[in-house]
Each structure stands twice: as structure tokens, then as C-alpha cells.
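Q:
Numbering (the working numbering), first residue to last: 185 to 645.
1. If I'm right that residue 173 touches residue 635 with Cβ under 8 Å, what's the distance once you round it to whole angstroms?
2. Taking only the alpha-carbon atoms, compute the straight-line gap between residue 497 and residue 487 and give it to the nearest angstrom.
3. Check whether the region 490-505 and the region 614-631 touch, using three or more Cβ-Cβ pairs below 8 Å as the test.
4. Output the distance between the C-alpha atoms of residue 576 and residue 195, rounded to the nearest integer angstrom.
5. Is there contact between the region 442-462 and the region 312-323, where contact requires at least three CB pairs shorter than 8 Å?
6. Where do the ends of the beta strand (DSSP E) carrying residue 377 lie?
7. Rounded to whole angstroms, what's the CA-CA distance from residue 345 to residue 433? Just pull it up for me.
8. Could you check which residue in 616, 470, 561 has the C-alpha nearest to that of residue 648?
9. Can you give me the C-alpha to C-alpha distance between residue 306 and residue 200, rounded to a whole angstrom?
10. Between the C-alpha atoms of residue 295 and residue 266, what's the straight-line distance to the nearest angstrom?
11. What number of angstroms, rounded off, separates the C-alpha of residue 248 from the C-alpha of residue 384?
12. Using the rule of at least 16 other Cβ atoms within 10 Å of the residue's Cβ for burial, across every protein chain shown, is residue 365 buried or exposed?
13. What residues are listed by DSSP as bridge partners for residue 563?
14. Anyone know if the C-beta pair for residue 403 and residue 394 falls short of 8 Å?
15. Which first and last residues belong to the alpha helix (DSSP H) in which residue 331 is found?
16. Can you look up residue 435 in the DSSP assignment and give me helix, strand or coil?
17. Between residue 641 and residue 475, how many whole angstroms is the CB-CB distance? I'm expecting something under 8 Å.
18. Going by the beta-carbon positions, is the gap between residue 186 and residue 465 smaller than 8 Å?
19. Flag this pair as yes or no: are the beta carbons of residue 354 and residue 287 separated by less than 8 Å?
20. State the beta-bridge partners of residue 314 as determined by DSSP.
21. Among residues of its own chain, excluding the 5 on either side of residue 245, which ones have a beta-carbon nearer than 8 Å to its beta-carbon?
22. Terminal residues of the continuous alpha helix (DSSP H) containing residue 617?
23. Please report how far the alpha carbon of residue 530 lies from the alpha carbon of residue 639, in whole angstroms.
24. Could you compute how far the alpha carbon of residue 616 sits from the alpha carbon of residue 637?
25. Looking at the secondary structure, which residues open and close the beta strand (DSSP E) in which residue 395 lies?
26. When you compare the CB positions of residue 410 and residue 320, do they come within less than 8 Å of one another, or not?
27. Using the Cβ count rule (16 or more neighbours within 10 Å means buried), how would you classify residue 526?
28. May I have the straight-line CA-CA distance separating residue 303 from residue 327, to the nearest angstrom?
29. For the region 571-645, which segments carrying the alpha helix (DSSP H) assignment without a break, of at least 4 residues, lie completely within its bounds, in sequence order?
30. Under the three-state reduction of DSSP, which class applies to residue 548: helix, strand or coil?
31. So residue 514 and residue 318 are in contact, right, with Cβ under 8 Å, and what is the actual spacing, rounded?
32. Apart from the five residues on each side of it in sequence, which residues of its chain come closer than 6 Å, Cβ to Cβ, to residue 336?
33. Among 259, 547, 564, which one has its Cα closest to the Cα of residue 629?
34. Below 8 Å on the Cβ atoms is my guess for residue 236 versus residue 277; work out the distance and round it to an integer in Å.
35. Quick check on the burial criterion: 16 or more other C-beta atoms within 10 angstroms. Buried or exposed for residue 375?
36. For chain C, find out if any of its Cβ atoms is closer than 8 Å to the Cβ of residue 315; answer yes or no.
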């Protein structure tokens, strides 16, 4: 079982980078240095207490258009709205928004109207630390009602789609409910309608008859289904498993899940104390946990932009690259969401990831001579010299290689790998020839950065 006891040792830069890779999309050297010397509890509380918000775009509150071209034109604007925020905001909250959006899934082709997708994203953000409140909000969320046909579910003709996913994918997991539970929960979820930009519950359209749900019988309505669901041990264990697989590694043991589920129950599904326990634990900082997860395309693209100092990168390029790497923003492949981890790496996507990284550190779009740009179309040069100068020891070739490897890789390089990387950076010259102020420094650093982003270890976090 993972050691969940609290670690008290002050963070090193390697520890801080590990925490930032897992808890945010911004594992920069500067952010890590700000945490060095703090205890894990102090560092994690800094992340948990950060006040960040995201205003909805003005068009999200405008009436829905009947013009198909106008409707479709909002889809990329929706993607840019959220990705632009991720690029600029080193936030634990956005890590959780990504997690829960891949739990309570919807896709823009089915929902069709970007206003509803923005609304769902905001509902998740507002309740991101309170899983019970978030689940409650999702029952009457317009995007969810459209996506799983809840707005077509009436007394006498219930639609079972939402009820099935509520139990299977959203709250309990397979084996913790029956088909009869789905049938009666679907009856309880009737009565919702989407009108304009809002959803309303009409009891006159709802089935108010007797139902048995998870062993409890009564004239249940939708609120009762939510309450009964979250009274089960299985729901706490399900949340525990989600958090463990997101922040620790993908194969939790039963004892660990039992301990984390107990924390979820004790805190009434407020996950802040749970995250505090996970991210400050001795197990989280164990060497076997570092590099145990595979970066999502979102982690890859936003993380590179942060590390290379280009937060104003055009989010439309990020969206395009993510699509090429099989993670189109706001468009999960199925109601199960993206499976993640090993599914991110295929014989097609791995070389694409390498090309993305190689081009990125050279200030180019993938496989192109086109320069990286901001939203205004202005070039965004990558200044690798400035990135390295922000680290200590930039006047020493060995230290440069060591620190750049720490910055980009979740696990230490071997002595042999370090020697190879040094030789690549120096193009065979002795390390004593290194000069950060030399006109050749930028080209040497490009060789180093490109070599590291080609390494399989770069795909880990």
C-alpha cells in the first residue's frame, strides 16, 4: 500500500517540479523555486488556496442562433477560451476541471451549442472541490441533459441513458448497482426541460411514483437519487479511485482505496482534504511514483508552453496539435471520456509527440517552418538562453545539462545519458568551451532541448 503518512522534509527543486507536473499544467523552474524549502503541506496549501477564476465569454450568455454557420463558428472560440486560460494560469483548479470534465462528459457535436458547453465547464469549475455538489449540478446541466437525452425523459416514457451513466461512469462503477436501479432512477430523473440557455425541473412532467433505488424504497425524485447514491460506500471509493489514478498512478491497491475512500466520506465529498493528504504523502514523492503517468496531449502542449515561457501562445494551435494527438478539446471519443495513460501512446502518436516537441522548442509549429504565434498572429520566439539563465549554474555546461534534464524529465537521467546529452550540446567539443553569452549558445541549447524531448521519458510525468 502507498504510504499516506505526511512527508515533512522540505521540498527540493525535483520534488517541487514533480508536484507541479501532477497538480498543475505549469511545471516551470520559477514556480518550483518558489516552493523549494517549503514543507509539502505548505506547498500544497499554496496550490489549494490559490484564487483563480475564469469569466465566461460574452457570447456565452447571448441567445442561441438559428444560423448553422454562426453556431459552428463558436466551437473553436469555446476551445480557445478554456485553453487560453490553461496556458496563462498555473492552477490546480484547472487540473481538476480537466479531470471532472473527462468524468461528466459531453461533446460539442452532440450538444451542438457552445453556450451549453461553456456553462458545463463553469459548473464543474465552481464545484470542483465538492464532488457531491458537482454531481448534483450535473443532473440539471443543460449540456448533460442534451448529451444523454435527459431533456426528452418524461413520466411514462423515461430515457435510461443518464441514469445508466450516473451509476456506471459518474458515481459508482460497474458492479455496484443493478439494472432495476437504472430503471427506477431513470423514472426519478424525468421532468427536466431545456429552454433557452437554462434547464428547469417540472414536477408535473416527472414520475413521482414509488421506486426502489439501491435498496431504498420511496416516492423518490431526482434529488433523492443523488442523496441515496452518495450515501453508499461505493461512491466514496469511486471518487478515491479517480483521484488516485489522476495524481498517483493507474493501479491502486485495495488498501489504498479503502483509506482514501474513508477520507472522502469523512469530508462529505469535499476533496480538498483528500488532495491535501495525497499530495503531501510520503508515497506521492516516492521514486516509484515519479514518471508513473503518461502525459495527456493537454499536459504536453500547455506544459511545454509554460516551461518555454510562451503563455500567450495561440490556443488554436494548441487545440489543433491536441486533436492530432487524439485529444480534441471538448470532444471526448465516447461517454467514457479519454481512457488516458497507455492509450495516449501509439505507433502513430509517439512520433507525432516527438515532432511536436522538436518543433516547439525551435519556435515552430509541428512539422512546419511556420513560427509559433500569439492570437494576434504575431511570432512568438522561443528564448532557450533565457530559460536556462533562469536556472542556477548557467555558465557551467554540466550543470546546464543536469538542470534542463530536471526541468523536462520526471525521473533522473543516468550518468551515461547525461554524458551523451552533454556531448550533443557541445557537438563534441570539451565542456570548457561552453559560454552562455556566446552567439552559439542558443543553437547548442536547441540541440540539447530537442534531444531531451525526443526521449521516451519526456512523455512521462
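Every residue gets a Cβ at the ideal spot worked out from N, C-alpha and C, and that includes glycine.
These numbers come from a predicted model, not from an experiment.
A: Let me lay it out:
1. The first residue shown for the chain is 185 and the last is 645, placing residue 173 beyond what the model contains.
2. On the chain shown, position 313 is the one that residue 497 refers to. On the chain shown, position 303 is the one that residue 487 refers to. Residue 497 and residue 487: Cα-Cα distance of roughly 12 Å.
3. No contact exists between the region 490-505 and the region 614-631.
4. Within the chain shown, residue 576 is the residue found at index 392, counting from 1. Within the chain shown, residue 195 is the residue found at index 11, counting from 1. Those two C-alpha atoms are separated by around 17 Å.
5. With the cut-off at 8 Å, the region 442-462 and the region 312-323 touch.
6. As a working note, residue 377 is residue 193 in the chain shown. Run containing residue 377: 376-379, per the beta strand (DSSP E) assignment.
7. By one-based count along the chain shown, residue 345 stands at place 161. By one-based count along the chain shown, residue 433 stands at place 249. In a straight line, the C-alpha of residue 345 is about 30 Å away from that of residue 433.
8. Because residue 648 is not part of the residues shown, which for the chain are 185 to 645, the question remains open.
9. Here the question's residue 306 lines up with position 122 in the chain shown. Here the question's residue 200 lines up with position 16 in the chain shown. Roughly 29 Å between the two C-alpha positions.
10. Taking the chain shown and counting its residues from 1, one reaches residue 295 at position 111. Taking the chain shown and counting its residues from 1, one reaches residue 266 at position 82. Whole-angstrom Cα-Cα distance: 17 Å.
11. Locating residue 248 in the chain shown gives position 64, where the first residue counts as 1. Locating residue 384 in the chain shown gives position 200, where the first residue counts as 1. One Cα belongs to residue 248, the other to residue 384, and the distance between them is close to 17 Å.
12. Looking up residue 365 in the chain shown gives position 181. Buried.
13. Here residue 563 refers to the residue found at position 379 when the chain shown is read from its first residue. Note: residue 563 sits in a beta bridge opposite 557.
14. Locating residue 403 in the chain shown gives position 219, where the first residue counts as 1. Locating residue 394 in the chain shown gives position 210, where the first residue counts as 1. Contact check for residue 403 against residue 394 passes: the beta carbons are separated by less than 8 Å.
15. Numbered from its first residue, the chain shown carries residue 331 at position 147. Note, residue 331: alpha helix (DSSP H), 326-331.
16. Taking the first residue of the chain shown as position 1, residue 435 is located at position 251. Coil at residue 435, not helix or strand.
17. The sequence position of residue 641 within the chain shown is 457, counting from 1. The sequence position of residue 475 within the chain shown is 291, counting from 1. Right, their Cβ atoms sit about 7 Å apart.
18. By one-based count along the chain shown, residue 186 stands at place 2. By one-based count along the chain shown, residue 465 stands at place 281. Against a cut-off of 8 Å, the Cβ pair of residue 465 and residue 186 comes out as a contact.
19. What you label residue 354 is simply residue 170 of the chain shown in a count that begins at 1. What you label residue 287 is simply residue 103 of the chain shown in a count that begins at 1. Result yes, Cβ atoms of residue 354 and residue 287 sit closer than 8 Å.
20. As a first step, residue 314 is located in the chain shown; it is residue number 130 there, counting from the start. 454, per the DSSP bridge assignment.
21. The residue you call residue 245 lines up with position 61 of the chain shown. Correct list, in chain order: 299, 381.
22. To locate residue 617, count along the chain shown from 1; it is residue 433. Note, residue 617: premise wrong, no alpha helix (DSSP H); not H, not E.
23. In the chain shown, the residue the question calls residue 530 occupies position 346. In the chain shown, the residue the question calls residue 639 occupies position 455. In a straight line, the C-alpha of residue 530 is about 15 Å away from that of residue 639.
24. Indexing the chain shown from 1 puts residue 616 at position 432. Indexing the chain shown from 1 puts residue 637 at position 453. Spanning the two alpha carbons is a distance of roughly 25 Å.
25. Taking the first residue of the chain shown as position 1, residue 395 is located at position 211. Taken as a continuous stretch (DSSP letters only), the beta strand (DSSP E) holding residue 395 covers 395-397.
26. Taking the chain shown and counting its residues from 1, one reaches residue 410 at position 226. Taking the chain shown and counting its residues from 1, one reaches residue 320 at position 136. It is a contact, given that the beta carbons lie within the stated cut-off.
27. Here residue 526 refers to the residue found at position 342 of the chain shown. So residue 526 counts as exposed.
28. Position 119 of the chain shown holds residue 303. Position 143 of the chain shown holds residue 327. Going from the Cα of residue 303 to the Cα of residue 327 covers about 8 Å.
29. The DSSP assignment places 581-592, 599-610, 625-638 as complete runs of the alpha helix (DSSP H) inside the region 571-645, in order along the chain (cut-off: 4 residues).
30. Within the chain shown, residue 548 is the residue found at index 364, counting from 1. Of the three classes helix, strand and coil, the one that applies to residue 548 here is strand, per DSSP.
31. Counting from one through the chain shown, the residue named residue 514 turns up at place 330. Counting from one through the chain shown, the residue named residue 318 turns up at place 134. So it is not a contact: roughly 18 Å between Cβ atoms.
32. Taking the chain shown and counting its residues from 1, the one referred to as residue 336 is at position 152. Same-chain partners within the cutoff: 343.
33. Taking the chain shown and counting its residues from 1, the one referred to as residue 629 is at position 445. Residue 629 has its Cα closest to that of 547, out of 259, 547, 564.
34. Mapped onto the chain shown, residue 236 falls at position 52. Mapped onto the chain shown, residue 277 falls at position 93. So it is a contact: roughly 6 Å between Cβ atoms.
35. The residue you call residue 375 lines up with position 191 of the chain shown. It counts as buried.
36. The displayed structure is made up of one protein chain only, and chain C is not part of it.
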